[in-house]
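**Student:** Have a look at this one.
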Amino acid sequence: MRTRPFRLVQLKRPVSHDVVRCLESILEDARRGEVHGLAFVVMKTNREFFYNACGEAHRNPAWAAAMAATLMHGTMKRVFNEEA
0 MRTRPFRLVQ LKRPVSHDVV RCLESILEDA RRGEVHGLAF VVMKTNREFF YNACGEAHRN
60 PAWAAAMAAT LMHGTMKRVF NEEA
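Listed below in structure tokens is the structure:
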């Protein structure tokens, strides 16, 4: 019988505390009435993702598209190490 020298174990991913802080901050603003719409993409731990929109971002898809384009522009600047 052959023994294997190593055993691969998938470790549990830690909680992303910066994501939790960000969501809590948005929630606080929404509860104060300062957030009227939200368009978002969520990256899951298995690298799957989903997107959605709610509130004014859902009712006004042109505005949501403009916000998404701004996000894309800022993200691409980070990809190419330019100032965002």
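Mind the numbering: the sequence shown is residues 0 to 83 in numbering that gives the first Met the number 0, read in order. We treat Cβ as the ideally placed atom computed from N, Cα and C, and that holds for glycine.
1) Rounded to a whole number of angstroms, what is the C-alpha to C-alpha distance between Ser15 and Glu27?
2) Assign Ala38 to one of two classes, buried (16 or more other C-beta atoms within 10 Å of its C-beta) or exposed (fewer than that).
3) Quick one: residues in its chain with C-beta nearer than 8 Å to the C-beta of Val19, no 5 flanking neighbours on either side, listed in chain order?
4) Determine the extent of the alpha helix (DSSP H) in which Leu70 is found, giving its start and end residues.
5) Under 7 Å Cβ to Cβ from Asn51, same chain only, skipping five residues before and after it: list those, please.
**Tutor:** So, from the listed chains and residues:
1) The residue labelled residue 15 in the question sits at position 16 within the sequence shown. The residue labelled residue 27 in the question sits at position 28 within the sequence shown. In this structure, the alpha-carbon of Ser15 lies about 19 Å from that of Glu27.
2) Residue mapping note: residue 38 aligns to position 39 of the sequence shown, counting from 1. By the beta-carbon neighbour count (other beta carbons within 10 angstroms, threshold 16), Ala38 is buried.
3) Taking the first residue of the sequence shown as position 1, residue 19 is located at position 20. No residues qualify anywhere along the chain.
4) One-based indexing of the sequence shown puts residue 70 at position 71. Its alpha helix (DSSP H) spans residues 60-78.
5) As a working mapping, residue 51 is identified with position 52 in the sequence shown. Contacts found: Phe39.
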